[in-house]
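Below is one structure, written out as structure tokens; comments come after it.
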Amino acid sequence: MFIQVVKSKIHKVTITGSNLHYIGSVTIDEDLMDAADIIENEKVHVLNLNNGERLETYVIKGKRGSGDVCLNGAAARKVVVGDVVIIMSYAIIDQVEAKSFKPAIIFPDTKTNKLI
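Rendered as structure tokens:
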């Protein structure tokens, strides 16, 4: 049997921008992507701690070292610059493997979005 588990989590990162007229997605600093084991075009859930919004989108690479986390397209209406969000991705793995699987979870500084 296969189950879905959390694969990656960026816990508490601050929204630095929103672009309503972009085609869609969430832009994430490539340093954060690497640390959290998230790849470009991967599906993620974004959970807004300020207003309770939850949405699904996909990731595009942001400038490495920039601290950028920007929601684009329709998702831009779900955040305000300065909101704190959690970004998570999931994997479907064998239930036996899932018992020992360890997700990549990072805790960036919410003032700079840099790794601590």
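Residue numbers for the sequence shown follow our numbering, so the first one is -18 and each next one is one higher.
C-beta atoms are modelled at their ideal positions from N, C-alpha and C, and glycine is treated no differently.
Handout entry: First through last residue of the beta strand (DSSP E) which encompasses A16
Key = Premise fails: A16 lies in the alpha helix (DSSP H), 11 to 16, not in any beta strand (DSSP E).
Practice task
Would you check if there are 3 or more beta carbon pairs closer than 8 Å linking the region -17 to -9 to the region 67 to 81?
Solution key: yes
Exercise for the section: Please state whether DSSP places G54 in a helix, a strand or coil. Expected result: helix
Handout entry: Residues that F(-17) bridges to, as DSSP identifies them
Key = D75
Exercise for the section: For K44, name the three-state secondary structure that DSSP assigns. Expected result: coil
Practice task
Would you check if there are 3 or more beta carbon pairs closer than 8 Å linking the region 35 to 53 to the region 7 to 15?
Solution key: yes
Problem - Cross-strand partners of H26 (DSSP beta bridge) - result: E37, M69
Handout entry: Residue range of the beta strand (DSSP E) that includes I86
Key = 85 to 87
Exercise for the section: Between the Cα of D18 and those of I86, A79, V60, N0, spot the shortest distance and give me the residue it belongs to. Expected result: I86
Handout entry: Which residues DSSP lists as bridging K(-10), in chain order
Key = M69, I86
Handout entry: Identity of the residue in F(-17), M(-18), I(-16), T(-5) nearest G48 by Cα
Key = T(-5)
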